[in-house]
Amino acid sequence: AMATPCRLRLLLVLLAAVAVAASHPAHEAGGCGGGGDGTRILIKGGTVVNAHRAEEADVYIEDGVVVAVRPNIPVGDDNVRVIDATGKYVMPGGIDPHTHLEMEFMGTVTIDDFYSGHAAALAGGTTMHIDFVIPVNGNLTAGLESYKHKAEKAAMDYGFHMAITKWNDEVSREMEVMVKEHGINSFKFFMAYKGSLMVTDDLLLQGLQKCKSLGALAMVHAENGDAVAEGQQRMIDLGITGPEGHALSRPPVLEGEATSRAIRLAKFVNTPLYVVHVMSTDAMEEIAKAKREGQRVIGEPVVSGLVLDDSWLWDPDFATASKYVMSPPIREAGHNKALQAALSSGILQLVGTDHCTFNSTQKAFGSDDFRKIPNGVNGIEERMHIIWDSMVETGKITVTDYVRVTSTECAKIFNIYPRKGAILKGSDADIIILNPKRSFAMGTRTHHSRSDTNVYEGRKGKGMVEVTISRGRVVWEDGNLNAVPGAGRYVRTPPFGYFFDGLDKSDAVYRASLRAPVRRGEAAAA
Ligand code: URP
Ligand code: ZN
Ligand code: ZN
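Residue numbers (the UniProt record's numbering): 1 to 526.
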């Protein structure tokens, strides 16, 4: 995957990373490229797009940070690298809110780690992601330690969400430590995967309350896990053991039910809720209804749900069909277009990938029983191109909307804006240059994932990310990748993001509305 770097440079960078790592907490070390290495870049003549406006301007970068954004910035001296962006869009690098790199899951481990996943991301124009830390036997600290280690080879910036898989006083205390000491401001509750990650309503309720008190965002994987287990048994009893059984066993109604339940519990607690991988009209309609009623709910579609349909699961070839097994399942055609419309109209707010890649050997674990096919699809490398092609090129969203749904909204929700998700003076220089006139083609022959399969195999479209800049370093240019292990930094996400503003006021209104306790008997007479 590394096409250009000379070995000497890589060695020096690695030595620098080791030296820095020795004096910093491992997962915040990195930092050997970009910010601080003196690189100066001037991007000239492009259209600079932020979520709030697009303008003809130049961008000057120094030491990994955007120093100026305005028209006609003079070149200055010879030590400035000038990149001509005439006729192209200069945009914030993508931020993927939903990935699973090197995750232990369903008896195996996802094939992309924090290096190959980052290489793929950078080649596709994504410069940051937020991955889900999975606790070890329910223990959050042990889970974080494990992920810090996994992320030592990070080639781009990353943050962490954390899953909550059991509940007791220790977990409750650890959540506070994660927020206050480790920069994690979001916790995910799996309402599916019975027997492994699934939580009960009781746990979800405790978790929602704890999240609220910490200013942390509660995230849910919304499917009714008990009903899914029933649905799976029903398919097996009917003799349906192939990948199509996956879709048939967990229909949209189970996603709609869990989405509605999570939304209502979040309403009861009065805390914001983030619904990950919204795959069906059923779930999307629940989010739309809650939003119409003024509830703070965030809906995240993923690329697979937006552009694929479930027909692949009926493919007679197991290797082909099993590639598309993920949860909630990719739905019947029609759901995808409805999700696209919801993204255009703001019902859904930001696009993730749920990049959770297993190769064909791993998928074959379920060749005689769909319940054993590891769940997950790729997307970290494809997201920026597919959203451009399917949403901007078709006129469904504007160029500024594109920036909003692929980076800015994520940065705002997880409270790291405008350092990330913007090209403004002082922002990290995470930037892409996209040529709208060129075309892309996707698949295993050219992708940077370690997987031997790709759910977007053969997909072609308009728009090409020609350059990716990660904290001031050009890491992707003309098809050459320079992803440096250890160059990525951990990005802390502070609590009490904008979604928490004013919750104290609505809590006060609620308390005032109770007209209770009613004073009766002697108390009333006094
Ligand atoms: O199939 C999926 N989505 N795999 C990753 C785990 C999850 O549910 O997000
Ligand atoms: Zn999930
Ligand atoms: Zn996921």
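Using N, Cα and C, we set each Cβ at its ideal position, and we do this for glycine too. Note that this is a predicted model, so its numbers are computed, not measured.
With respect to the C-alpha of residue 411, the residue from 435, 63 and 494 having the closest C-alpha is 494. If you draw a 10 Å sphere on the C-beta of residue 516, you find fewer than 16 other C-beta atoms in it, and that means exposed. At a threshold of 7 Å, residue 354 counts as near ligand 3, since its beta carbon sits closer than that to one of the ligand's heavy atoms.
In this structure, residue 485 places its C-beta atom within 8 Å of the C-beta atom of residue 115.
Taken in chain order, the unbroken stretches of alpha helix (DSSP H) that lie wholly in the region 114-138 and span 4 residues or more are 116-123. The set of residues with any CB-heavy atom separation to ligand 2 below 6 Å comprises, in chain order, 221, 276 and 277. Cβ-Cβ distances below 6 Å link residue 333 to 309 in the same chain, with the five nearest sequence neighbours on each side left out; the list follows chain order. Residue environment analysis places residue 363 among the buried positions, since at least 16 neighbouring C-beta atoms fall within 10 angstroms of its C-beta.
Around the CB of residue 79, fewer than 16 other CB atoms lie within 10 Å, so the residue is classed as exposed. Separation of residue 336 and residue 291 (C-alpha to C-alpha, rounded to the nearest whole angstrom) is 20 Å. Where residue 336 is concerned, the enclosing alpha helix (DSSP H) starts and stops at 335-345. Per the C-alpha coordinates, the member of 239, 307 and 405 positioned closest to residue 349 is 405. Per DSSP, residue 320 is one residue of the alpha helix (DSSP H) stretching across 318-323. Taking C-beta atoms as the reference points, residue 439 and residue 397 fail to come closer than 8 Å.
In this structure, ligand 3 has a non-hydrogen atom nearer than 7 Å to the beta-carbon of residue 98. In terms of side-chain proximity, the C-beta atom of residue 375 is found nearer than 7 Å to a non-hydrogen atom of ligand 1. Cα atoms of residue 187 and residue 211: separation of roughly 8 Å, rounded to the nearest angstrom. Distance from the Cα of residue 389 is smallest, within the candidate group 306, 273 and 367, for 306. In this structure, residue 157 places its C-beta atom within 8 Å of the C-beta atom of residue 128. The straight-line gap separating the alpha-carbon atoms of residue 327 and residue 376 is approximately 7 Å. For the 8 Å CB-CB criterion, residue 514 and residue 270 do not form a contact.
Judged by DSSP secondary structure, residue 158 falls outside any alpha helix (DSSP H) and instead within the beta strand (DSSP E) spanning 157-163. 218 is the residue among 218, 48 and 110 whose C-alpha sits nearest the C-alpha of residue 496. For residue 432, the beta-bridge partners assigned by DSSP are 91 and 468. Remark: fewer than three beta-carbon pairs, one from each stretch, lie closer than 8 Å, so the region 275-290 and the region 309-321 are not flagged as touching.
In the DSSP annotation of this structure, the continuous segment of the beta strand (DSSP E) that includes residue 43 starts and ends at 40-49. When Cβ pairs closer than 8 Å are counted between the two stretches, the region 92-107 is seen not to touch the region 447-461, the count staying below three.
Beyond the five residues adjoining it in sequence on each side, residue 358 comes within less than 8 Å, by CB distance, of 108, 110, 111, 374, 376 and 451 in the same chain, given in chain order. Burial is judged here by how many other beta carbons sit within 10 angstroms of a residue's own beta carbon; residue 71 has fewer than 16 and is exposed.
Under the criterion of beta carbons closer than 8 Å, residue 42 and residue 75 qualify as touching, at roughly 6 Å. A direct Cα-Cα distance of roughly 35 Å separates residue 393 from residue 249. Secondary structure of residue 194 (DSSP, three-state): coil.
With three or more CB-CB distances shorter than 8 Å, the region 249-264 counts as touching the region 223-232. At least 8 Å separates the beta-carbon of residue 467 from that of residue 352. When DSSP assignments are scanned along the region 206-276, the uninterrupted stretches of alpha helix (DSSP H) that are 4 or more residues long and fall wholly within it turn out to be 225-237, 244-249 and 252-269.
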